[in-house]
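Inspection log for the structure reproduced underneath, given as structure tokens.
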Amino acid sequence: SYGKNCDYARVKYVTSLLGPSVLPLHPMRRIAFALGGNQMWFKKEITLFQSYEIRTRLLTWNRKWFVIEHRMYTPSRKCSRGENEQKLCAIGISKFVLKHAAGSLKGKTIPFLDALEMVGHDVSELRALEANSDNGNVVLWPKDRLEFKSFTGWTDRAASVGNALEL
100 SYGKNCDYAR
110 VKYVTSLLGP
120 SVLPLHPMRR
130 IAFALGGNQM
140 WFKKEITLFQ
150 SYEIRTRLLT
160 WNRKWFVIEH
170 RMYTPSRKCS
180 RGENEQKLCA
190 IGISKFVLKH
200 AAGSLKGKTI
210 PFLDALEMVG
220 HDVSELRALE
230 ANSDNGNVVL
240 WPKDRLEFKS
250 FTGWTDRAAS
260 VGNALEL
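Each number in this note's numbering comes from the position in the sequence shown (counting from 1) with 99 added on.
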């Protein structure tokens, strides 16, 4: 199912950002992540046993939440122009919170950039983005660069963003 495969993609993406120590059974677990909500938009059916690709990327963050996007594509095909063409089948948006997993701070929220620093990432450029952001909400692409033109009903600002941030 879409949801179950997005769960696997979420875990893979978060562990690629924060390392395997976010996994529940890791002996050195310092950070826990919890899914705060998700939304799926379906554009095209993926038939039974058809292969597809899930691409996951970071959309936005603030002091409490970070938001990632999943896009499901069917396999590449050569089109008449000689380029690879993929069909977008679904888009998923997931919102997460990070918490301390042990010690005296257990259960307290960890801001997204602080968690990245805890695991060794250099976040100086990201801190500059956060300092210049609107109300602490860092949006990686302006709304005029939307790729979701065929979808209606976007209510969350985080869901109305375009592209990924390479960490």
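Ideal placement from N, C-alpha and C gives every residue a C-beta, glycine not left out.
Of the residues the options, the one placed nearest residue i, counting alpha carbons only
| i | options | result |
| --- | --- | --- |
| Val166 | Thr146, Pro174, Arg156, Thr173 | Arg156 |
| Asp213 | Pro126, Ile130, Tyr101 | Ile130 |
| Lys186 | Val113, Arg109, Phe141 | Phe141 |
| Cys188 | Ile153, Leu215, Pro119, Val222 | Ile153 |
| His169 | Ala108, Lys143, Val237, Phe148 | Ala108 |
| Leu134 | Gly202, Ser120, Ser232, Gly102 | Gly102 |
Cβ-based neighbour list, residue i, same chain, cut-off 6 Å, excluding 5 preceding and 5 following
| i | result |
| --- | --- |
| Gln138 | Ile192 |
| Phe211 | Trp160, Phe165 |
| Val222 | Leu212, Leu215, Glu216 |
| Glu229 | Val237 |
| Gly235 | Asn161, Arg162 |
| Ile145 | Tyr151, Cys188 |
Minimum Cβ-Cβ distance from residue i to chain B less than 8 Å
| i | result |
| --- | --- |
| Glu224 | Protein chains in the displayed structure number just one, and chain B is not present. |
Short Cβ contact (8 Å threshold) for residue i with residue j
| i | j | result |
| --- | --- | --- |
| Leu225 | Ile209 | no |
| Val218 | Leu124 | no |
| Gly136 | Lys207 | no |
| Trp160 | Val237 | yes |
Residues near residue i in its chain [Cβ-Cβ closer than 7 Å; skip 5 each side]
| i | result |
| --- | --- |
| Ser150 | Pro174 |
| Tyr112 | Thr155, Ile167 |
| Ala200 | Arg128, Arg129, Ile130, Ala131 |
| Thr114 | Val121, Leu122 |
| Pro119 | His125 |
| Trp164 | Gly135, Lys194, Phe195, Val196 |
Where residue i falls, given that 16 or more other Cβ within 10 Å makes a residue buried
| i | result |
| --- | --- |
| Arg162 | exposed |
| Pro148 | The residue you asked about is not Pro; residue 148 is Phe in the sequence shown. Phe148 is exposed by the Cβ-count criterion. |
| Leu64 | With the chain running from 100 to 266 in the structure shown, residue 64 is simply not present. |
| Leu204 | exposed |
Own chain, CB closer than 8 Å to residue i, minus 5 neighbours either side, in chain order
| i | result |
| --- | --- |
| Cys105 | Asn137, Met139, Ile153, His169, Gly191, Ser193 |
| Ser100 | none |
| Lys143 | Thr173, Lys186, Leu187, Cys188, Ala189 |
In chain order, each alpha helix (DSSP H) run of at least 4 residues that lies wholly inside the segment 173-235
211-217, 223-230
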